[in-house]
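What follows is a set of notes on a single structure, which appears directly below.
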Amino acid sequence: MRIARFVHNDTIAYGTVELAEDQGEHPDTLQVLNGDPLVAAVQYTGERLLLDDVRLVAPVIPRSKVVAVGRNYAAHAAEMGNEVPAEPLVFLKPNTSVIGSGEPIVYPTQTREVDHEAELAVVIGRICKDVPVERVGEVIFGYTCANDVSARDLQKSDGQWGRAKGFDTFCPLGPWVVTHLSLDEASDLQVRATVTRGGETIERQSSTTALMVRGIAELVSFVSSFTTLLPGDVILTGTPEGVGPIEPGDVVHVEIEGIGTLSNPVVAAE
Ligand code: MN
């Protein structure tokens, strides 16, 4: 299933997305659920909406944290002049940095260098700690696209990454969470980032999740070895090479095969 979160009748609702490709000639639709599937068992309300008629928001708001992993693709570590670390390099992004597809990334006044980073995001489905690698599939709710937006100048000058990667709007997630991919399937997906600027499309990142230094199972197991993961927590699995600057007026797109496309305009802070 593809589980979306959206504004409907002035409240937040959840629903499953059925794309035209599944349904032949029919338009993309949403079947409304009666609650948050990460919180409790849910049922269909019977209401069906057109996807075009609703406004999507972040498909999940992490209950406690977004855990991100740096330098997990060798070619990206190299383009930044870094080595692949001996152990996964972990940092946190606050849940207040999360936005959904279509919502604006606000370019802060404190920076002059903001990059996109296209990443596969893992959504945790169960409270867990010390998960063995071979049992990671049991704790994953699904996958979505992420953009680990990064103020590169502050990342360098601060020496740690809390501010550079923690600004409000710096963690776009979406467009929805896909729950039907196996761990093996998620470990071999094309990842792309493009930027639309002045009517032109700039190709930036194009890689595959098969090129992660540490795979999804190893990362989730590692993260759970030091922190308890809660349902709705999100793990970002690192970005491939080709990161680049974004600026107000751009629209940045993160596309992952089998999941969808996360698109966000970039706007200047007021
Ligand atoms: Mn990243």
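Counting the sequence shown from 1 gives a position; the numbering used here is that position plus 10. Note that the Cβ used here is the ideal one computed from N, Cα and C, for glycine as well.
Across the structure, S231 and G209 are spaced so that their CA atoms are roughly 43 Å apart. Relative to the ligand MN, the beta carbon of T249 is positioned inside 7 Å of a heavy atom. Assignment of beta-bridge partners to E144 by DSSP yields no partner.
Distances between the C-beta of G268 and the heavy atoms of the ligand MN are all 7 Å or more. In this structure, D125 has its beta carbon at no less than 7 Å from each heavy atom of the ligand MN. Excluding its 5 nearest sequence neighbours in each direction, T106 has C-beta neighbours in its own chain below 7 Å: D178, listed in chain order.
The three-state secondary structure of N157, taken from DSSP, is strand. Inclusion of L59 and V76 in the CB contact set at 8 Å is not warranted, their separation being larger than that value.
Taken in chain order, the unbroken stretches of beta strand (DSSP E) that lie wholly in the stretch 49 to 130 and span 3 residues or more are 54 to 60, 65 to 67, 76 to 80, 99 to 103, 115 to 117, 124 to 126. Relative to the Cα of A279, the nearest Cα in the group L40, N82, T119 belongs to T119.
I226 carries a helical assignment under DSSP once its states are collapsed to helix, strand and coil. In the assembly as shown, P185 is a buried residue. Its beta-carbon has 16 or more other beta-carbons within 10 Å. For R136, no beta strand (DSSP E) segment is defined, and its DSSP state is neither H nor E. Separation of the CB atoms of L130 and A84 is rounded to 16 Å, and the pair is thereby denied contact status at 8 Å. Contact annotation: D125 and V253 have beta-carbon atoms nearer than 8 Å.
The residue from V276, I256, V49, E265 with its alpha-carbon nearest to that of R202 is E265.
Under the 10 Å beta carbon count, D20 is surrounded by fewer than 16 other beta carbons and is classified as exposed. Less than 8 Å divides the Cβ of Y153 from the Cβ of L191. With contact defined as three or more Cβ pairs closer than 8 Å, the stretch 61 to 69 and the stretch 228 to 242 are not in contact.
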